[in-house]
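Report on the structure given below.
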Amino acid sequence: MGKKIERSLKGEKNQSAVSQDDEDPNKTPEPYSCTGNFQADFTELCRRNSMTSIPLVVHRARPPTQAAPESSKPEKGKDKGKSAVPEPEPEPEVDPEGENAEPPPKTYVVKDKFEFFRPSVQVEMENYDKPETVTEIYIRGWKIDDVMMNTLKQCWSVMEKLHTINLWNTGLTKDTVSIMASTLPSIVNLRTLILDGNVVKDENWHELITDESPVQNLSLRHCGMTDTGAKAIGEALGTVKRANTKLVSLNLAGNQISDQGVIDIANGLRMNRTLMSLSLASNQVGDKGASKLGEVLSRFPLSHEEVVERRKQKSSMGSPDRNKSPPPSRRADSKDRPGSVRSSSQHDKTDKSKQKQSAKTKKDAGKGGKEPPKEEEKHDKSKGKKDDKAAAKKDKGGSTTGRSSGASLVADTKNAAKGKTKGKDKGKPSQAEPEEMGDSSFINPLTDEADFIDGQLWVSGNRLLINLNLSRNQIGEQGMAAILKAMQYQTTLSLGSKSGGTGLMRICVFKNKISSDHDIVRKINDIMLPKDPFYKPPPQTPEAESTT
Numbered sequence: 003m004g005k006k007i008e009r010s011l012k013g014e015k016n017q018s019a020v021s022q023d024d025e026d027p028n029k030t031p032e033p034y035s036c037t038g039n040f041q042a043d044f045t046e047l048c049r050r051n052s053m054t055s056i057p058l059v060v061h062r063a064r065p066p067t068q069a070a071p072e073s074s075k076p077e078k079g080k081d082k083g084k085s086a087v088p089e090p091e092p093e094p095e096v097d098p099e100g101e102n103a104e105p106p107p108k109t110y111v112v113k114d115k116f117e118f119f120r121p122s123v124q125v126e127m128e129n130y131d132k133p134e135t136v137t138e139i140y141i142r143g144w145k146i147d148d149v150m151m152n153t154l155k156q157c158w159s160v161m162e163k164l165h166t167i168n169l170w171n172t173g174l175t176k177d178t179v180s181i182m183a184s185t186l187p188s189i190v191n192l193r194t195l196i197l198d199g200n201v202v203k204d205e206n207w208h209e210l211i212t213d214e215s216p217v218q219n220l221s222l223r224h225c226g227m228t229d230t231g232a233k234a235i236g237e238a239l240g241t242v243k244r245a246n247t248k249l250v251s252l253n254l255a256g257n258q259i260s261d262q263g264v265i266d267i268a269n270g271l272r273m274n275r276t277l278m279s280l281s282l283a284s285n286q287v288g289d290k291g292a293s294k295l296g297e298v299l300s301r302f303p304l305s306h307e308e309v310v311e312r313r314k315q316k317s318s319m320g321s322p323d324r325n326k327s328p329p330p331s332r333r334a335d336s337k338d339r340p341g342s343v344r345s346s347s348q349h350d351k352t353d354k355s356k357q358k359q360s361a362k363t364k365k366d367a368g369k370g371g372k373e374p375p376k377e378e379e380k381h382d383k384s385k386g387k388k389d390d391k392a393a394a395k396k397d398k399g400g401s402t403t404g405r406s407s408g409a410s411l412v413a414d415t416k417n418a419a420k421g422k423t424k425g426k427d428k429g430k431p432s433q434a435e436p437e438e439m440g441d442s443s444f445i446n447p448l449t450d451e452a453d454f455i456d457g458q459l460w461v462s463g464n465r466l467l468i469n470l471n472l473s474r475n476q477i478g479e480q481g482m483a484a485i486l487k488a489m490q491y492q493t494t495l496s497l498g499s500k501s502g503g504t505g506l507m508r509i510c511v512f513k514n515k516i517s518s519d520h521d522i523v524r525k526i527n528d529i530m531l532p533k534d535p536f537y538k539p540p541p542q543t544p545e546a547e548s549t550t
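Numbering (my numbering), first residue to last: 3 to 550.
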């Protein structure tokens, strides 16, 4: 009996131990909070995700620097009495066994043949003694799946110094691009994002340049992008109602973008006034795409939707009270009323305001027992006259129901020009300030001065783009002529509008259908060469200096 009891007790102990072991795996581990140390956070998160092989975090490889040769000059204070002639070095003895052989040079590093292809994360640090100062991350040649991207997302969101992410040929997909796009707003100091060599079939690259994204330099070279992705990027750059205000440089070289995709990108540049560098090299751009770019860079007519938006912007900038919606009763009555009735209602409104002001002054005078001074009365009278004049001007400008569309457009442009001159003469800020718009940093180019030509409003084009690369495409003579016309227009255009800008300062058009010796290409180079900031004029010869 005693043995049976001992066996039963042992069995219960074993069962309790097995139950505890079974309960341990079922326990959910506590969530890991990243500390900003990329190497420690990345390794711990990979271990918690049960990864069999964890990529190493190493410093970015750099070419080793060769040690400077020792100087043969004798040190000061030593060997003063000896001659400066160096003694001949003894010839090295030949050792057949190779014991005294020379060591290998220090210009390269020997590694195992498979170590080079092992997945790793290369980092650049601001201070190598402080692991939390990682500034750049490079991942090359191994696939990043959803689990790895989520791991990187948790690490990146707490890295304060990170400003560059470079993922080359990492097999990104639609989901991984979306995960990356969702974490970009949390990386406050991120400025450069390079995703070259990642072919994504869904082409959802536009998610990387939203309004919340801090990316300023985006490179998507050799990503297999077609006109579908280019259209989405063009809409992300700018539409009639909004435009991107963060992206400064965009590199789309080595893709499959044709004329339609370039037209969509050019439509985005109509309203965008932030992008300064655009590369479309090694694509399939033809004459239609080049002509559209030339039109956007010189000047272009406004569409019906853009004209409507222009009137809204002008009205909101001219009178802030117009943004306020009228009461429901007035709104219902205004549908059946002509323009003259509306103007009379505005006069009634001003008369009522005058009566209220006079009543207030009388009450104040009655309380104090004294009449208001004469100077204040004069000031109130002059102010009332100014209010009457302003109301009359508003009535004239507000009743647009009997005018043709062309006359109204001309009147809008004239009123905008008058407002600018009055603001300058009085020394006060003009009413056409961009602060009344939704985003203070965005200056809508629709509010620029416009010319009424052949029933259309023409505004000046994009002059903030200073670098354009169209090399290695299929542009012919027609497209080059449009680009030349745009360059000539930019050189002669006055910089008086609000958008400002210097126009293109550098353009590359070599290796297209048209040869580099063509007259059009020569004219383009002659115009653009002095504008290039890296251009250095040839030094003048003495003969030329004497003649000058």
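Where a beta carbon is used, it is the ideal one built from N, C-alpha and C, also for glycine.
It should be emphasised that the depicted structure is a prediction, and the values quoted were computed from it without experimental measurement.
One Cα belongs to residue 518, the other to residue 275, and the distance between them is close to 31 Å. Look at residue 236 here: in three-state DSSP terms it is helix. Secondary structure at residue 207: helix, using DSSP grouped into helix, strand and coil.
In the DSSP assignment, residue 245 is bridged to 240.
Leaving aside the five residues that flank residue 34 on each side, the residues in its chain whose CB is nearer than 7 Å to its CB run, in chain order, 46, 47 and 50. A straight-line Cα-Cα distance of about 9 Å links residue 226 and residue 259. With fewer than three CB-CB distances shorter than 8 Å, the region 196-205 does not count as touching the region 258-272. The criterion of a C-beta distance shorter than 8 Å is not satisfied by residue 123 and residue 146. Taking a contact as a CB-CB distance under 8 Å, the pair residue 312 and residue 448 counts as one, their CB atoms being some 4 Å apart. Looking at the DSSP output, residue 485 sits in no beta bridge, so it has no partner there. Secondary structure note for residue 452: its beta strand (DSSP E) is the uninterrupted segment 452-455.
Per DSSP, reduced to three states, the secondary structure at residue 313 is helical. A residue is called buried when at least 16 other Cβ atoms come within 10 angstroms of its Cβ; residue 232 meets this threshold and is buried. Nearest to residue 110 by C-alpha distance, out of 149, 126 and 63, is 63. Residue range 508-510 is occupied by the beta strand (DSSP E) that includes residue 510. Beta-bridge partners assigned by DSSP to residue 126: 138. In the structure shown, the three-state DSSP call for residue 166 is strand.
For residue 458, the enclosing beta strand (DSSP E) covers residues 458-462.
When the Cα atoms are used, residue 217 and residue 252 turn out to be separated by approximately 10 Å. Ranked by how close their Cα comes to the Cα of residue 223, the residues 162, 273 and 171 have 171 in first place. If you draw a straight line from the Cα of residue 482 to the Cα of residue 181, it is about 41 Å long. Rounded to whole angstroms, the Cβ separation of residue 526 and residue 485 is 6 Å, and the two are in contact under 8 Å. Residue 446 and residue 169 have their C-alpha atoms roughly 35 Å apart. Taking the Cα of residue 136 as reference, the smallest distance to any Cα among 212, 40 and 301 is reached at 40. By the 16-neighbour rule on beta-carbons within 10 angstroms, residue 281 is buried.
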